[in-house]
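As C-alpha cells, the structure follows; a few thoughts come after it.
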Amino acid sequence: MSCFTRKDGTLYCEDVSLADLAQQYGTPLYVYSETAFVDVYRAYDDALKGLPHHICFAMKSNSCHAVLKSLAALGCGADIVSGGELFRATKAGIRADRIVYSGVGKTEKEMAEALQAGILMFNVESFSELATLNDVAKRMGTKAKISFRINPNVDPKTHPYIATGLKNSKFGIPWDHVMEGYRRAATMAHIEVVGVDCHIGSQLTQLAPFVEAAGKLKDLVVALRADGFQIRYVDVGGGLGITYSVEKPPAVAEYGTALCDIFSGMDVTLIAEPGRSMSGSAGVLLTQVLYTKKTDAKRFVIVDAAMNDLARPSLYGSFHGIELVSGEPGEDELIDVVGPICESGDFLAKDRVYPRLRAGDLIAMMSAGAYGSTMSSMYNSRPLVAEVLVSGDRAALVRSRGTCDDLMRGESAAPWQ
Ligand code: LLP
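Read in order, the letters of the sequence shown are residues -1 to 415 in my numbering.
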C-alpha cells in the first residue's frame, strides 16, 4: 500500500501533509516515507525466508544518510559501486560483512578501502580487475573474497540504457569465459572464490528474465563445485521494477518463491541487491508551479524543479506520475512540465493530459525515491535539493538545501589571476 495518500483532498506522506512540508522547508523538496522503505525491506526478507539470505540494498538508487540508517538498523546490507558509497554505508552503520562491491571500474584505492573495511565480497567484472585486486590484497597481506559477475546473455526486457545482461554490454564476464576466470582466480594466492553473481538490468517487470538468469547461476554453481570450488554465495543482482504508470511488476513474494524454488537444497546464501523496488515508491519530489505559458501546441507548466534535480525523464524518457498536492483540479489539457534549465530536454513530464495547473500550485512528482536525488547535479549552478524523512506523524529535514557556497566548494582563482 502506498504511503502517499489523500486526506481531505490534500496529499500526505504517512501522517504528514506535503503542503505543510513545502511551507516549512520550501521547494523543490524530496520527501521519503521511512515506513515504505521498511515495509519493502521486510517483504524481501520474508519472501526469501526459505533460504539463508542477505538483502544488500543497491544504494545507488537512494543513498540518503537517514534512509541508510533506518535500513542498517534492520540488518540490511548494501550493494556498493564506489568508495563514496562504501563511506556512506559505513557512516550509516551498515555492517561491512553485509556489503558487496559491484562495478566495472574499481580503482586500487577503492579496493584497498573495501578490503580494509572487510566487506563480504567483490563482484569482479574482468580478468584485469581480478589481477589488480590480487595485487592490492597481496600488498595488504590479505585475501579478497570474490565472485565473478557473469553476463548470462538474458534479455531483461527493459530500457536499453539499464539493460546490463546482454552480450553487447560492458558488464560482467561473458558466459563462455566464466570457467576460465574461476580457474585463473584459483591460481591467485590473494583471491578467495566464494560466490557467483549476475545483474541483468533494472526496472524488470517480468519474472521470467530473473528465473532464466538464476537458472544459469545454479548450473554454474553445480559446474564450479564439480571443479572443486566452494561456492557459498549466489548474488542474483537487482530487484523488481515498480509501477510508474501502467506497469504490473510481480509481487516481491512471487519473486522470492521463484528464487527459493531454484536454489533450495543448494546450500548457498542468496544475496539480492534490490534498489528501485525499495526506494522508488518511497519518495516524491515536491515542486511548485512558477509560471504557465500557453502556445498553439500545448501549455508549458514551468516549475521550480528541473532535470538537474530529477534526471530520469530527460535521460530515459521516464514517466513519473503528477499529483496536485491540494486544491481543485481544472479542465484537462495537454501539458509539458518543464524546469528553469536552458535546455529543451529539461522536462519532468512531456505531452501529458492533465487538469489545468496554475502558478503557485504545488505538485508531487511521484515514484521519485529511486535514482532521483542520487542522480541529481548542480547543473546551471542550482544548489542540491533538500530532503525530508517522514515516519508516522514525524518529519525531519535530513539534508539541508544546498547553498551558493556549496556550489563553489573547492574552487578558487588560478594563481596568475
Ligand atoms: N545491482 C547492480 C550491480 C546494479 O547495477 C543495479 C542497478 C542494482 C543492483 C539495482 O537494480 P534495481 O533493483 O534498482 O533494479 N538510473 C537508472 C537505473 C540504473 C540502474 C543501475 N544498476 C534509472 O533511473 O532507471
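Every residue, glycine too, gets a C-beta built ideally from N, C-alpha and C.
Just so you know, these numbers come straight off a predicted model, no measurement behind them.
Straight-line Cα distance separating residue j from residue i
{"i": "A357", "j": "Y30", "result": "25 Å"}
{"i": "K89", "j": "F35", "result": "19 Å"}
{"i": "V122", "j": "V98", "result": "10 Å"}
{"i": "V336", "j": "L72", "result": "38 Å"}
{"i": "G81", "j": "V209", "result": "31 Å"}
{"i": "G243", "j": "M364", "result": "Strictly speaking, residue 243 in this sequence is Ser, with Gly absent from that position. Those two C-alpha atoms are separated by around 10 Å."}
{"i": "R137", "j": "L113", "result": "11 Å"}
{"i": "I53", "j": "S68", "result": "14 Å"}
{"i": "G281", "j": "Y28", "result": "7 Å"}
{"i": "D404", "j": "P381", "result": "7 Å"}
{"i": "K143", "j": "L66", "result": "24 Å"}
{"i": "R297", "j": "Y159", "result": "30 Å"}
{"i": "Y10", "j": "I361", "result": "12 Å"}
{"i": "M276", "j": "F55", "result": "8 Å"}
{"i": "D43", "j": "E271", "result": "12 Å"}
{"i": "G38", "j": "F317", "result": "Checking the displayed sequence, the identity of residue 38 turns out to be Val instead of Gly. Distance between the alpha carbons of V38 and F317 is about 22 Å."}
{"i": "G400", "j": "E321", "result": "25 Å"}
{"i": "I420", "j": "S312", "result": "Here the chain covers residues -1 to 415 and nothing more, so residue 420 does not appear."}
{"i": "G325", "j": "G343", "result": "29 Å"}
{"i": "G408", "j": "Q415", "result": "17 Å"}
{"i": "K239", "j": "L332", "result": "Note that residue 239 is Gly in the sequence shown, not Lys. The straight-line gap from Cα to Cα measures roughly 28 Å."}
{"i": "A206", "j": "Y23", "result": "44 Å"}
{"i": "E178", "j": "F227", "result": "13 Å"}
{"i": "S265", "j": "T162", "result": "Sequence inspection shows Asp at residue 265; the Ser mentioned does not correspond to that position. Using only the alpha carbons, I get a separation of about 28 Å."}
{"i": "G139", "j": "V102", "result": "24 Å"}
{"i": "A129", "j": "E245", "result": "42 Å"}
{"i": "G116", "j": "F345", "result": "43 Å"}
{"i": "V351", "j": "T290", "result": "15 Å"}
Limits of the unbroken alpha helix (DSSP H) element including residue i
{"i": "M186", "result": "Where M186 is concerned, there is no enclosing alpha helix (DSSP H), given that its DSSP letter is neither H nor E."}
{"i": "E409", "result": "Element bounds for E409: n/a, residue is neither H nor E."}
{"i": "F208", "result": "206 to 224"}
{"i": "Y314", "result": "310 to 314"}
{"i": "Y23", "result": "16 to 23"}
{"i": "E83", "result": "81 to 89"}
{"i": "R274", "result": "274 to 277"}
Enclosing beta strand (DSSP E) for residue i [first to last residue]
{"i": "E385", "result": "384 to 389"}
{"i": "G367", "result": "Premise fails: G367 is in no beta strand (DSSP E) and is neither H nor E."}
{"i": "H63", "result": "Per DSSP, H63 belongs to no beta strand (DSSP E); it is in the alpha helix (DSSP H), 63 to 71."}
{"i": "A112", "result": "Note, A112: premise wrong, no beta strand (DSSP E); alpha helix (DSSP H) at 106 to 115."}
{"i": "G75", "result": "75 to 78"}
{"i": "A347", "result": "345 to 353"}
Opposing strand residues paired with residue i [DSSP bridges]
{"i": "V250", "result": "The partner list for V250 (beta bridge, DSSP) is empty, contrary to what the question assumes."}
{"i": "I304", "result": "It is worth fixing the name first, because residue 304 is Ala in this sequence and not Ile. Partner(s): none; A304 has no beta bridge."}
{"i": "T267", "result": "Y231"}
{"i": "N121", "result": "S145"}
{"i": "F2", "result": "C11"}
{"i": "E321", "result": "A362"}
{"i": "R397", "result": "E385"}
{"i": "G199", "result": "A161"}
{"i": "Y28", "result": "L283, E385"}
{"i": "H52", "result": "I269"}
{"i": "F298", "result": "K291, D334"}
{"i": "R40", "result": "None, per the DSSP bridge assignment."}
{"i": "P172", "result": "N149"}
{"i": "I260", "result": "In the DSSP output, where bridge partners are listed per residue, I260 has none listed."}
{"i": "V194", "result": "F146, V232"}
Cβ-based neighbour list, residue i, same chain, cut-off 7 Å, excluding 5 preceding and 5 following
{"i": "R421", "result": "A query on residue 421 cannot be resolved here, the shown segment of the chain reaching from -1 to 415 and no further."}
{"i": "A87", "result": "M57, L66, A76, I78, I97"}
{"i": "S0", "result": "S279"}
{"i": "A70", "result": "A90, G91, I92"}
{"i": "E106", "result": "T130, V134"}
Same chain, Cβ closer than 6 Å to residue i, neighbours up to 5 away in sequence not counted
{"i": "E329", "result": "R354"}
{"i": "D302", "result": "T25, P26, T285, Q286, L288"}
{"i": "A394", "result": "L387"}
{"i": "H175", "result": "none"}
{"i": "A41", "result": "V250"}
Sequence-distant residues of the same chain with beta carbon closer than 8 Å to residue i, five excluded per side
{"i": "K214", "result": "I148, P150, V152, W173, C196"}
{"i": "C340", "result": "N378"}
{"i": "G319", "result": "Y242, S243, M363, M364, S365"}
{"i": "A295", "result": "L332"}
Under 8 Å between C-beta atoms of residue i and residue j
{"i": "T8", "j": "V299", "result": "no"}
{"i": "T372", "j": "S59", "result": "yes"}
{"i": "I269", "j": "V232", "result": "yes"}
{"i": "F120", "j": "L131", "result": "yes"}
{"i": "A347", "j": "D359", "result": "no"}
{"i": "V191", "j": "Y180", "result": "yes"}
{"i": "A368", "j": "G254", "result": "no"}
{"i": "A251", "j": "A45", "result": "yes"}
{"i": "I229", "j": "V194", "result": "yes"}
{"i": "P247", "j": "T241", "result": "yes"}
beta-carbon residue i near ligand 2 non-hydrogen atom, thresh 7 Å
{"i": "Y253", "result": "Only ligand 1 can be found as ligands here, which leaves ligand 2 out of the picture."}
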